[in-house]
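Colleague: The structure's right below; bear with me while I get my questions together.
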Amino acid sequence: MKTVKMSNYSVSGNGYPHLEKVCKDYNYNKVVLVGGKRALEAAAPKIREALKGTNVEITGEFVYGQECTLSNVDRLRERKEVQDADVIFIIGGGKSTDTGKILAERLNKSAFSFPTICSNCSAVTAIAVVYNDDGTLSHYELIPAPVHMFVETSIIANAPEEYLWAGIGDGLSKQPEVAYATKYAELDHIARMGVMLSKSCEVPFLKYGKQAIEDCRNNKPTQAIEEIAMDILVATGYVSNLTNQPDYYYNSSLAHIFYNASTAVPRDKEYLHGELVSFGVLVLHAYAEQFDELDKIARFNKSIGLPITLEDVGLTYDDLEKMADVAPNTTEWKSAKTNPLTKEKFVAAMKTADEYGKKLKAEQEAEIA
Numbered sequence: 001m002k003t004v005k006m007s008n009y010s011v012s013g014n015g016y017p018h019l020e021k022v023c024k025d026y027n028y029n030k031v032v033l034v035g036g037k038r039a040l041e042a043a044a045p046k047i048r049e050a051l052k053g054t055n056v057e058i059t060g061e062f063v064y065g066q067e068c069t070l071s072n073v074d075r076l077r078e079r080k081e082v083q084d085a086d087v088i089f090i091i092g093g094g095k096s097t098d099t100g101k102i103l104a105e106r107l108n109k110s111a112f113s114f115p116t117i118c119s120n121c122s123a124v125t126a127i128a129v130v131y132n133d134d135g136t137l138s139h140y141e142l143i144p145a146p147v148h149m150f151v152e153t154s155i156i157a158n159a160p161e162e163y164l165w166a167g168i169g170d171g172l173s174k175q176p177e178v179a180y181a182t183k184y185a186e187l188d189h190i191a192r193m194g195v196m197l198s199k200s201c202e203v204p205f206l207k208y209g210k211q212a213i214e215d216c217r218n219n220k221p222t223q224a225i226e227e228i229a230m231d232i233l234v235a236t237g238y239v240s241n242l243t244n245q246p247d248y249y250y251n252s253s254l255a256h257i258f259y260n261a262s263t264a265v266p267r268d269k270e271y272l273h274g275e276l277v278s279f280g281v282l283v284l285h286a287y288a289e290q291f292d293e294l295d296k297i298a299r300f301n302k303s304i305g306l307p308i309t310l311e312d313v314g315l316t317y318d319d320l321e322k323m324a325d326v327a328p329n330t331t332e333w334k335s336a337k338t339n340p341l342t343k344e345k346f347v348a349a350m351k352t353a354d355e356y357g358k359k360l361k362a363e364q365e366a367e368i369a
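Start counting the sequence shown at 1; every next residue gets the next number (the UniProt record's numbering).
This is the structure in structure tokens:
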């Protein structure tokens, strides 16, 4: 039997006015707050205000750690305040949200998500990215999605703009990755819905992305920020749930292969997930020989400062063979059964994307000169 559960969601520009009612709808009387330190500082006071004077009790508030690791999950599982809660409120970005989703699954509880940044779609997805204690990638874990997500756009508008920026970079991957992953595949009705929904993801990023970044820089919760937040948190998240099922994985492909492979290369600087994925989108279009799309996304990336060359993400041609060697170990590579990938073409695509980005930079320098 196939069962697909999607998160409900509420959107507000100030506070969480529907929180008590949603808790009541699910008959949840005890809640525990788990999240990142800064995320809890931003959202917990508004959650407490929304539940003040109600019958909903907050049993405790805990910082999840710094990575989504099973040791962090196990540490939180031991807390009586967590065990006593009817539902886990998971607050913050992708790593805290993934930690909370696994925690809820291990304790057979539901989760509500409260994204405080929109750097990815973790707040509504039925998948978690798990890391080892040393920070290296461990595995993807399939777990239930949060039953409800609460988006508060003033919190997102007051978060560092780099997270929104990186979220756009990550979100841009959804439409082309799903299209590439499903090429030649025989799709069931669930995957077909995911493919159709994925076709709505790219346009809002191109239309509202630049304005949303500027508005976030100025801490203004505008329509542009809401449109981008909904595209990242809802549209790409729903696509993820529809294209990621026990018998197939179409949720991501070459852009995330590039990201995962790049983590094998030590670098002096840390790069955000979406920052790396955004260059991976260029690699995907180069690999697929979709040169019009490569040009369109490269120019958009350049317009908002996302990477367009390997140098922008701390890589050189000397790193590419190592990346190609680890790429076949990724879930995305292993899942490409109807459209197999090759290491040689992957290396060539990374070089092609880099060369195109260098060309755009040279054009800009010539215009300035």
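For glycine and all other residues, C-beta sits at the position ideal for the given N, C-alpha and C.
Using the three-state DSSP reduction, which class does residue 373 fall into: helix, strand or coil?
Modeller: Since the first residue of the chain shown is 1 and the last is 369, residue 373 is not available in this structure.
Colleague: If the criterion is Cβ atoms closer than 9 Å, does the pair Arg77 and Gly60 meet it?
Modeller: no
Colleague: Only counting the same chain, and skipping five residues up and downstream in sequence, which positions put a Cβ closer than 7 Å to that of Tyr208?
Modeller: Ala224, Glu227 and Ile228
Colleague: Roughly how far, in whole angstroms, is the beta-carbon of Ile308 from the beta-carbon of Gly274, given that I think they are within contact range, below 8 Å?
Modeller: Not quite, the Cβ-Cβ distance comes to about 14 Å (not below 8 Å), so this is no contact.
Colleague: Take Asn251 and list the residues in its own chain whose beta-carbon comes closer than 6 Å to its own, dropping the five residues that flank it on each side.
Modeller: Ser240, Thr243 and Asn244
Colleague: Under a three-way DSSP split, which group does Gly94 fall into?
Modeller: Gly94: helix per DSSP, three-state reduction.
Colleague: Starting from His189 and walking both ways along the beta strand (DSSP E), at which residues does that stretch end?
Modeller: Unbroken run through His189 is the alpha helix (DSSP H), His189 to Ser198; no beta strand (DSSP E).
Colleague: Using only alpha-carbon positions, find the residue among Ala185, Tyr317, Asp215 and Thr99 that is nearest to Ala348.
Modeller: Residue Tyr317 holds the alpha-carbon nearest to the alpha-carbon of Ala348 among Ala185, Tyr317, Asp215 and Thr99.
Colleague: Exposed or buried, what is Asp354 when buried is set at 16 or more other beta-carbons lying within 10 Å of its beta-carbon?
Modeller: Label assigned to Asp354: buried.
Colleague: Go to residue 379, then tell me how far its beta strand (DSSP E) extends in each direction, as first and last residue.
Modeller: Here the chain comprises residues numbered 1 to 369, so residue 379 is not present and cannot be evaluated.
Colleague: Can you tell me which residues form a DSSP beta bridge with Lys30?
Modeller: Residue pairing from DSSP places Lys30 in a beta bridge opposite Glu57.
Colleague: Looking at the structure shown, is Ile232 part of a helix, part of a strand, or coil, going by DSSP?
Modeller: The answer is helix: DSSP assigns Ile232 an H, G or I state.
Colleague: How about the region 164-174 and the region 299-307: do they share at least three Cβ pairs that are nearer than 8 Å?
Modeller: yes
Colleague: Quick check: the Cα distance between Ala39 and Ile91, rounded to an integer number of angstroms?
Modeller: 6 Å
Colleague: Classify Lys322: buried if its beta carbon has 16 or more other beta carbons within 10 angstroms, exposed otherwise.
Modeller: exposed
Colleague: What number of angstroms, rounded off, separates the C-alpha of Thr69 from the C-alpha of Ala362?
Modeller: Using only the alpha carbons, I get a separation of about 43 Å.
Colleague: Pull up the distance between the alpha-carbon of Tyr249 and that of Ala104, whole angstroms please.
Modeller: 23 Å
Colleague: Quick one: residues in its chain with C-beta nearer than 8 Å to the C-beta of Lys269, no 5 flanking neighbours on either side, listed in chain order?
Modeller: Gly314
Colleague: Rank Lys302, Ile190 and Arg217 by C-alpha distance to the C-alpha of Met1 and give the top, closest one.
Modeller: Among Lys302, Ile190 and Arg217, the Cα nearest to that of Met1 is on Ile190.
Colleague: Buried or exposed: which applies to Asn37, given that a residue is buried once 16 or more other Cβ atoms fall within 10 Å of its Cβ?
Modeller: Per the sequence presented here, residue 37 reads as Lys, with Asn not at that position. By the neighbour-count rule (16 or more Cβ atoms within 10 Å), Lys37 is not buried but exposed.
Colleague: Mind checking which residues open and close the beta strand (DSSP E) that includes Leu137?
Modeller: Leu137 to Leu142
Colleague: For a quick check, are the C-beta atoms of His256 and Pro176 less than 9 Å apart?
Modeller: no
Colleague: Which residue comes first and which comes last in the alpha helix (DSSP H) that contains Ser278?
Modeller: His273 to Tyr287
Colleague: Secondary structure at Gln211, three-state DSSP: helix, strand or coil?
Modeller: helix
Colleague: In whole angstroms, what is the alpha-carbon distance linking Asp86 and Lys30?
Modeller: Approximately 5 Å, taken between the alpha carbons.
Colleague: Between the Cα of Asp84 and the Cα atoms of Lys95, Ser110, Ser96 and Asp98, which residue gives the shortest distance?
Modeller: Ser110
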